[in-house]
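*Asks:* Let me begin by handing over the structure; questions about it come next.
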Amino acid sequence: MPVLTYRDALNQALREEMARDKDVFLMGEEVGVYQGAYKVSRGLLEEFGPNRIVDTPITELGFAGVGVGAAMVGLRPVIEFMTWNFALLAIDQIINAAAKMRYMSGGQVGVPIVFRGPAGAALQLAAQHSQCFEAMYAHIPGLKVVMPATPADAKGLLKSAIRDDDPIVFMEGEMLYNTKGEVPEGEHLVPIGKAEIKRAGDHVTLLCYSKTVSLCLKAAELLAADGIEAEVVDLRTIRPLDLEAIFTSVSKTHRAVMAEEGWAFAGAGAQVVDEIQKTIFDELDAPVLRVTGADVPMPYNKHLEKAAKVSPEKIVAAARRVLYLE
Amino acid sequence: MATPKAGRKADTKTAEKYRQYLRQMLLIRRFEEKAGEAYSLGQIGGFCHLYIGQEAVAVGCLSQLRAGDAITATYREHGHALARGIPARAVMAELFGKATGCSGGKGGSMHIFDASLGFLGGHGIVGGHIPLTTGMGFAFKYRQTDQVAVCFFGEAAINNGAFHEALNMAGIWKLPCIFICENNRYGMGTALDRATATWNISERATSYDMSREVVDGQDLGEVMAAMDRAVIRARRPSAPTLLEIRTYRFVGHSMSDPIHGHYRTKEEVEAHRKRDPITLWAERLKGDGLLDEEALERMDEEVKAEVQDAYDFADQSPDPEPEMLWKDVYAPVGEGR
């Protein structure tokens with residue numbers, strides 16, 4: 116199987132879906148002539164032309180709304196935000212327009228659109244460029260929130276997202292673009308709303324998505340050195356949440372740690388923990404702990420930044436606590 | 002379409018159309034009066050914004066469109082919905098929140114939809130639907146159809162970023178969009194000159210390399226003529242227009258706002274009421290020999306009966322089934338491409 120970067124897997128998904136469906140187009144800042152701020156759209160302008168690879172002015176609200184309007188009359192827009200930090204300018208269109216249109220029109224007008232771009236902290240980009248907003252979007256009925264961790268999932272989930280009839284918030288890990296992995300060629304579709312066990316184990320469940328999947332896999336290696344077998348469950352989709360997969364794993368291990376890059380307060384993991392305690396309380400042998408980003412705006416200084424971020428060591432410490440080894 | 006000139010004889014077909022436009026304006030007027038009544042009786046909930054005084058704008062503009070064109074409007078959109086041809090029954094039932102409403106009772110007064118007629122919403126966020134309509138125009142150009150996307154908004158929306166961002170893109174890409182600013186002089190209770198640094202709204206089109214016109218919105222003939230020119234520009238070879246249509250709201254901003262008081266005087270409202278678009282058009286038709294007083298009265302009686310029928314229909318229609326609460330949040334499972 117070919118090995119691709121996460122970036123090129125996304126590029127392949129876009130290329131294949133645009134070739135498959137002439138209603139699919141990509142719009143955003145620097146997606147065309149510049150070849151993408153993160154090069155996800157490299158080569159697409161040459162292949163599909165300026166009508167389908169559309170460079171916009173720096174007007175997130177405006178072009179997000181243009182995408183929603185185009186979707187309302189039947190096109191399948193992929194709207195790229197240079198980063199999800201900038202999508203804050205467009206949030207009225209995502210929440211008040213895209214998420215609500217089907218419901219408030221009594222089911223007449225759907226919005227098949229993908230909003231995508233990098234999310235999460237990169238390296239020393241400071242407070243305005245290092246944020247996690249999945250909890251905010253996952254809060255909204257009408258939206259689906261998808262966060263792939265691997266190149267194969269990036270491709271398979273983006274293809275599914277483009278074919279989906281609902282508005283999708285597709286968050287790519289900014290630190291994942293250069294990561295490599297095997298990616299199936301051609302028709303590779305990963306269903307939205309399905310988690311995947313990335314490593315099997317019996318002693319503790321590590322719940323994670325996007326960037327924290329690789330951190331949990333590293334944590335699992337560290338734990339294995341002490342004879343602890345961790346099961347790493349990649350949620351892949353925050354909304355809809357794959358409760359069955361979560362409950363199955365936690366019912367087996369009876370202990371769980373939820374790892375997420377975002378802030379703790381009202382974070383996506385809080386919802387996961389609530390679902391666990393509500394439904395399988397009797398299966399738990401310890402409280403579920405969360406490992407999150409520090410509850411502060413991201414600092415620039417690299418030592419402070421490291422202290423603010425989730426790390427394998429922090430996940431290991433939490434796992435040891437739920438195993439009552441600390 | 003040519004504007005009827007006083008004294009020029011219209012052919013039979015045109016005469017009939019002109020009478021139909023009068024009937025549409027009357028229908029909107031009587032519908033809104035009835036909606037106001039029903040609101041006072043508690044039969045309509047939430048917010049309710051009436052269109053009385055502005056009828057010539059919706060009727061004149063929509064008279065120039067075809068099937069297949071897309072229309073969006075604000076939360077003051079009952080008139081546009083009726084002018085586009087959504088049955089009065091379906092609009093009134095939506096105001097009542099009933100299952101038979103055009104949005105299934107889940108949108109209400111501010112969110113009227115009929116996708117089969119290209120009526121793609123009343124929208125509740127000031128300015129938010131301007132980019133949406135621009136996107137519809139983008140889609141029509143993308144598919145190389147000759148459809149047109151038309152957006153109605155108030156003059157208060159022009160200070161919103163959404164207005165500028167959307168018009169700029171429509172200008173760059175020469176989209177088949179018509180942006181219709183219904184300048185009724187007040188954004189809720191804030192007069193135009195207290196909210197806008199330059200009072201000449203249509204001038205803003207020049208920033209976006211777009212055609213513009215200032216139109217007397219109380220004169221149906223003027224509205225039709227300006228819209229006709231805008232539609233020609235939009236259909237082929239595709240260019241956007243900003244129309245500033247000057248009109249006046251004869252009633253309060255919403256049902257909770259008195260007709261006059263804090264922000265405008267009784268004298269001002271009375272002065273504007275002298276230029277009632279319905280009376281002006283009826284007088285024009287009478288002057289041209291296309292209508293007499295008896296026909297006007299008959300038309301009004303017909304319209305009142307239609308509105309009463311819509312009211313009775315809405316009143317007697319069932320509420321949505323309880324399970325509708327959970328429907329239409331997402332697309333049905335198994336759809337998609």
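First to last, the protein sequences are chains B and F. So the first sequence is numbered by this note's numbering: it starts at 116 and just counts up by one. So the second sequence is numbered by this note's numbering: it starts at 2 and just counts up by one. Glycine included, C-beta positions come from ideal geometry on N, C-alpha and C.
Under the rule that 16 or more other beta-carbon atoms within 10 Å means buried, what is I173/F, buried or exposed?
*Replies:* Per the 10 Å Cβ criterion, exposed.
*Asks:* State yes or no: is the beta carbon of N160/F nearer than 8 Å to at least one beta carbon in chain B?
*Replies:* By this cut-off, N160/F is not an interface position.
*Asks:* Just the C-alpha distance for K267/F and E214/F, rounded to the nearest angstrom, thanks.
*Replies:* In a straight line, the C-alpha of K267/F is about 30 Å away from that of E214/F.
*Asks:* Taking the CB atoms as reference points, tell me whether L176/B and A140/F lie closer together than 8 Å.
*Replies:* For L176/B and A140/F, no; Cβs fall outside 8 Å.
*Asks:* For G47/F, count neighbouring Cβ atoms within 10 angstroms of its own Cβ and tell me buried if that reaches 16, exposed if not.
*Replies:* Label assigned to G47/F: exposed.
*Asks:* Reducing DSSP to helix, strand and coil, say where K429/B ends up.
*Replies:* It is helical.
*Asks:* Answer with yes or no whether the minimum CB distance from M133/B to chain F is below 8 Å.
*Replies:* No, its Cβ sits nowhere closer than 8 Å to a Cβ of chain F.
*Asks:* Using a Cβ cut-off of 8 Å (strictly closer), state whether R231/B contacts chain F.
*Replies:* Judged by the 8 Å Cβ criterion, R231/B is not in contact with chain F.
*Asks:* Which word fits P266/B, buried or exposed, when buried means at least 16 other C-beta atoms lie within 10 angstroms of its C-beta?
*Replies:* Burial call: buried.
*Asks:* Does the beta carbon of D281/B sit closer than 8 Å to a beta carbon anywhere in chain F?
*Replies:* By this cut-off, D281/B is an interface position.
*Asks:* To which residues of the same chain is R234/F closer than 7 Å at the C-beta, ignoring the five residues directly before and after it?
*Replies:* Excluding sequence neighbours, R234/F sits near S212, A240, T242.
*Asks:* Quick check: what's the CA-CA separation for G301/B versus L119/B?
*Replies:* Approximately 13 Å between the Cα atoms of the pair.
*Asks:* State buried or exposed for V188/B, treating a residue as buried only when at least 16 other CB atoms are found within 10 Å of its CB.
*Replies:* Buried, since its Cβ has 16 or more Cβ neighbours within 10 Å.
*Asks:* Compile a chain-ordered list of the residues in the region 167-180 of chain F whose CB is closer than 7 Å to at least one CB of chain B.
*Replies:* Within the region 167-180 of chain F, the qualifying residues are A167, N169, M170.
*Asks:* Name the chain F residues whose beta carbon is nearer than 7 Å to that of M219/B?
*Replies:* Those are S104, K107, G108, H112, listed as they occur along chain F.
*Asks:* Provide the residue span of the alpha helix (DSSP H) that contains N126/B, from first to last.
*Replies:* First-last of the alpha helix (DSSP H) with N126/B: 121-135.
*Asks:* Please tell me whether L440/B and R370/B are closer than 8 Å, where the distance is taken between their beta carbons.
*Replies:* Cβ distance not < 8 Å, so L440/B and R370/B don't count as in contact.
*Asks:* Which residues of chain B have a Cβ atom closer than 7 Å to the Cβ of D329/F, listed in chain order?
*Replies:* R217, Y218, G221, G222, listed in chain order.
*Asks:* Out of L168/F, I202/F, E223/F, point me to the one whose CA is closest to S64/F's CA.
*Replies:* If we check each option's Cα against that of S64/F, E223/F comes out closest.
*Asks:* Pick helix, strand or coil for S41/F, following the three-state DSSP scheme.
*Replies:* Correct three-state label for S41/F: helix.
*Asks:* Mind pulling the chain F residues with CB within less than 9 Å of P172/B?
*Replies:* E166, N169, M170, I173, listed in chain order.
*Asks:* Looking at the strands, I want to know which residues DSSP matches up with Y187/F.
*Replies:* Answer by DSSP bridge pairing, in chain order: A192/F.
*Asks:* Quick one: give me the first and last residue of the beta strand (DSSP E) that K313/B is part of.
*Replies:* Residues 311-314.
*Asks:* Mind pulling the chain F residues with CB within less than 7 Å of P256/B?
*Replies:* Those are V330, listed as they occur along chain F.
*Asks:* Could you round the C-beta distance between R217/B and G257/B to whole angstroms and report it? I think they count as a contact, below 8 Å.
*Replies:* 7 Å between Cβ atoms; contact.
*Asks:* Give a yes or no on whether the C-beta atoms belonging to I228/B and A214/B are separated by under 8 Å.
*Replies:* Their beta carbons are not under 8 Å apart, which means I228/B does not touch A214/B by this criterion.
*Asks:* Our contact map puts I255/B next to I210/B with C-beta atoms below 8 Å; I'd like the distance itself, whole angstroms only.
*Replies:* The Cβ separation is near 5 Å, so the contact holds.
*Asks:* What did DSSP end up calling D277/F once you bin it into helix, strand or coil?
*Replies:* D277/F falls in the coil class under three-state DSSP.
*Asks:* Starting from Y96/F, follow the alpha helix (DSSP H) in both directions and report where the run begins and ends.
*Replies:* A quick correction: the sequence has Leu, not Tyr, at residue 96/F. That run of the alpha helix (DSSP H) goes 89-96.
*Asks:* Identify every run of the alpha helix (DSSP H) within the region 103-157 of chain F, keeping only runs that are complete inside it and at least 4 residues long; order them along the chain.
*Replies:* Qualifying alpha helix (DSSP H) stretches, in chain order: 130-143.
*Asks:* To the nearest angstrom, report how far apart K424/B and G98/F are at their CA atoms.
*Replies:* Going from the Cα of K424/B to the Cα of G98/F covers about 49 Å.
*Asks:* Span of the beta strand (DSSP E) holding E195/B?
*Replies:* Counting along the chain, the beta strand (DSSP E) containing E195/B begins and ends at 191-195.
*Asks:* Let's test the definition: count the other Cβ atoms within 10 Å of the Cβ of I430/B and tell me whether it reaches 16, buried, or not, exposed.
*Replies:* Buried: at least 16 other Cβ atoms inside 10 Å.
*Asks:* Answer with yes or no whether the minimum CB distance from L96/F to chain B is below 8 Å.
*Replies:* So no, L96/F is outside the interface.
*Asks:* Taking a cut of 9 Å between CB atoms, which residues from the region 180-197 of chain B lie near chain F?
*Replies:* Here the close residues are G180, V181, G182, V183, G184, A185, A186, M187, V188, G189, L190, R191, P192.
*Asks:* So which residues on chain B does M137/F lean against when the C-beta distance must stay under 8 Å?
*Replies:* Simply G184, A185, M187, V188.
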